[in-house]
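Encoded as structure tokens, the structure appears first; notes follow it.
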Amino acid sequence: MALEQGGAPSTIEVSAPRIDQRAVTTLRRFAQAKPLGMAGALVLALMGIVTVFAPLLAPYDPLDASFARSLPISGEHWLGTDPLGRDVFSRVIMGSRISIYVGIVSVLIGVSFGAFIGIVSAYVGGVLDLVVQRVVDAIQAFPGLVLAMAIMVTLGQSINNVIIAIAILLIPGGARIIRGAALSIKEQTYIDSARAVGCSHVRIMARHIFPNTIAPYIILISVSIGNAIITEAALSFLGVGAPPDAPSWGAMVNTASQELFTGGLGLAVGPGLAIALAVFAFNLLGDALRDTLDPRLRQR
Amino acid sequence: MYSYLVKRGLLFVPTALLAVFIVFLIMKAAPGDIVTIMVYGEEGGAGPLEESKALEAKLREEMGFNRPLVVQFFDWVKQLAQGDLGESFTQRGRKAITVIGERFPRTVELAVLTIILTFLWSIPLGVLAATKADTNVDRAIQIFSVAGLSVPNFWIATLALIFLAQLLGWSPPVGWSGPLEDPATNFKKMLIPVLILAYSQGAPLLRLTRAQMMEVLREDYVRTARAKGMSERSVVYRHALRNSVIPIFTMLAWDLGRLVNGAVLIEVIFVIPGLGSLFVQAIANRDFALIQGLVLINVLIMLGINLIVDVVYGYLDPRIRYT
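Chain order of the listed sequences is A and B.
Residue numbering for the first sequence follows the numbering used here, beginning at 9 and increasing consecutively.
Residue numbering for the second sequence follows the numbering used here, beginning at 3 and increasing consecutively.
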């Protein structure tokens, strides 16, 4: 292990900016090669604008229940009103704030935490790795929605708790995939040289292993958001997600399902279409990102 | 092979117990338990506070809720070793295993019908999309499948029920009747849930089939088969599909496992009294015996499916051997 200390640091210094440059080139290539992914990105940008300016775009207050109940679609109420007399269109617009916010934040937290566990587990190895993998097995073995429900019952209904519940569901997948990537990176010679020049374990994990797992990390984030949005909607549909009054798309579909004969068509179609559109756009973008970033698929 | 099976089987025990313990801890941390529901009701207390408090303490003592959590868990494990999952709190006097056993076949029927239909529609369409790659047929199939991934199945179910109710004036075909007692009604009630589930389950399978086939169709042995003058049908189904069968089979098996564990949303919407809707009720009522029993069965099914998948690999691809 008697390596000369002179040569090693310079290779490490050079490798960091090269990764940044590669990322920029990848992004540019992505925009040209993946029109469907760009379409998804455009829809998402549009939804992002709606989300940010929701209070300005919604024609009425989403909580204002002063209108007639279950009105049909009309010029005044584009999607009619719900059984409590609230404007459905305004609620769908405001609902984007819940769904998209929950989708993105929960995935960022869950996958990042999973990545952290995966990298530490792969790097430390031994008993820790074995225990972590058994816990991951155990969590992955039962249905996600049921686990999320159990967590929601424990934490209580709120948007932040929905984020925590969905993030917990995503940790095992993140941990498993990033661990796999980290295991092969750990064996690379540049990790040996980093160790030889005296890098601490934390520095090796944070500066040398993590940046090299960025491709699976981004892929995992982009393909998980659509699922996270559906899970949020499902939890709210079951009545354990967003608080009862909050304009959650899933809860609105639930209201529609309870008014099979009397509910307006706008209430049945609007919120579900919003979920489908958001998830569809995230899936298109996720697919395109995966095709671009996965070296196995890139050669096609 | 047998020593491999035994080794894998032994690993079931700690994983399953760990899963049950995780859920046990989560549910124990939940505010309110069956005792609070029994004493105060869902809405809150009715009787004098002192009396309620005394009753609560007595019930907790009787049910053993005031002992340390680890002791409670190991008592459950001890009971389990004697083949007993405990008594359901909400369905008083009934064993959890009886309640679960009663609902299991209904969920299995839903799951098996769904998997058969999923298999029948998604794999041929996936193969078609791969053989017609980058044509309009392929694009149409792709859009249909990405939509299947994106459209929540509880929304399609709601739309279907509203369509039947408002446009056709039908009463919603919800509920359940036994396939042996009344096959016609059973079919009528299972039809829509199975169609909806098969669409959402089939979408990812279709995409996987297409991706696998695209990869295999470029292989040299496919070119050789074509060069030998084999019919396109034979090339696609006998040479290409057979070589991409392992991941497809894996996903199909996992789907079956997840469905057998209960299609929660569809069971709730169509009021099918299976494992999924039982889980929802059990969690709402903090019915620990049922929750723990269901989690244990869920985990054992998933682990069992994984093991079966691994064993079947050996038959699907004779190059795979276990030691």
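Just so it is clear, CB atoms sit at the ideal spot from N, CA and C, and this is done for glycine as well.
query                                                                                                                       : result
Contact the segment 169–184 of chain A vs the segment 227–242 of chain A: 3+ CB pairs below 8 Å                             : yes
Chain-ordered chain A contacts of B/P174 [CB-CB under 7 Å]                                                                  : L268
Cross-chain neighbours of A/D145 in chain B, by beta carbon under 7 Å                                                       : T17
Alpha-carbon to alpha-carbon, A/V161 and B/A32                                                                              : 6 Å
Residue-level contact to chain A via CB, B/N263, 8 Å cutoff                                                                 : yes
Whole-number beta carbon distance between A/G249 and A/S256, since they are thought to touch under 8 Å                      : 6 Å
Member of A/R211, A/I227, A/S98 and A/A284 whose CA lies at the smallest distance from the CA of A/P70                      : A/S98
Spatial neighbours of A/M213 in its chain, beta-carbon cut-off 6 Å, leaving aside the 5 residues before and after           : I127 and Y131
Complete runs of the alpha helix (DSSP H) confined to the segment 226–290 of chain A [at least 4 residues]                  : 257–266
Cross-strand partners of B/K97 (DSSP beta bridge)                                                                           : B/E89
Contacts of B/Q168 in chain A (Cβ-Cβ under 7 Å)                                                                             : F269
Chain-order list of residues whose beta-carbon lies under 6 Å from that of B/V25 (same chain, five-residue window excluded) : V297
Residue-level contact to chain A via CB, B/L163, 8 Å cutoff                                                                 : yes
Between the CA atoms of B/G276 and B/R105 - distance to the nearest angstrom                                                : 5 Å
Where the alpha helix (DSSP H) containing B/N300 begins and where it ends                                                   : F290 to L318
Entirely enclosed alpha helix (DSSP H) segments - the segment 87–149 of chain A, minimum 4 residues                         : 96–132 and 134–149
Cβ neighbour criterion (16 or more within 10 Å) applied to A/F61                                                            : exposed
Given B/P181 as reference, the closest of B/T17, B/F67 and B/I274 once Cα atoms are compared                                : B/I274
Secondary structure, beta strand (DSSP E): runs of 3+ residues fully inside the segment 144–170 of chain B                  : none
Segment contact flag, the segment 57–77 of chain B with the segment 245–265 of chain B, C-beta cutoff 8 Å, min 3 pairs      : no
Chain A contact residues for B/V110, given Cβ-Cβ distances below 7 Å                                                        : Going along chain A, no residue has its Cβ under 7 Å from B/V110, so there is no contact; the nearest lies around 15 Å.
8 Å Cβ cutoff, A/L297 in contact with chain B                                                                               : no
Residue closest to A/Q148, alpha-carbon to alpha-carbon, out of B/K9, B/I250, B/L20 and B/L267                              : B/L20
Under the three-state DSSP convention, the category B/N366 falls into                                                       : In this structure chain B extends from 3 to 325, so residue 366 of chain B is not present and cannot be described.
Selected residue, minimal CA-CA separation from A/F269, among B/A131, B/G171 and B/I125                                     : B/G171
CB contact check: A/G280 to chain B, cutoff 8 Å                                                                             : yes
Cβ of B/V224 within 8 Å of any chain A Cβ                                                                                   : no
Reference A/V115; option with closest CA among A/Q266, A/G182 and A/A202                                                    : A/G182
Whether B/T116 touches A/A276 by CB criterion (8 Å)                                                                         : no
Inter-residue spacing [alpha-carbon to alpha-carbon] between B/I102 and B/V247                                              : 34 Å
Where B/S179 falls: helix, strand or coil (DSSP)                                                                            : coil
Within-8 Å CB hit, A/P151 to chain B                                                                                        : yes
Proximal residues of chain A, C-beta to C-beta of B/V148 below 8 Å                                                          : F288, N291, L292 and D295
For B/I117, three-class secondary structure by DSSP                                                                         : helix
Spatially closest choice to B/M29 from B/F290, B/A227 and B/G128, by CA coordinates                                         : B/F290
Given B/A135 as reference, the closest of B/W123, B/M215, B/G278 and B/N300 once Cα atoms are compared                      : B/M215
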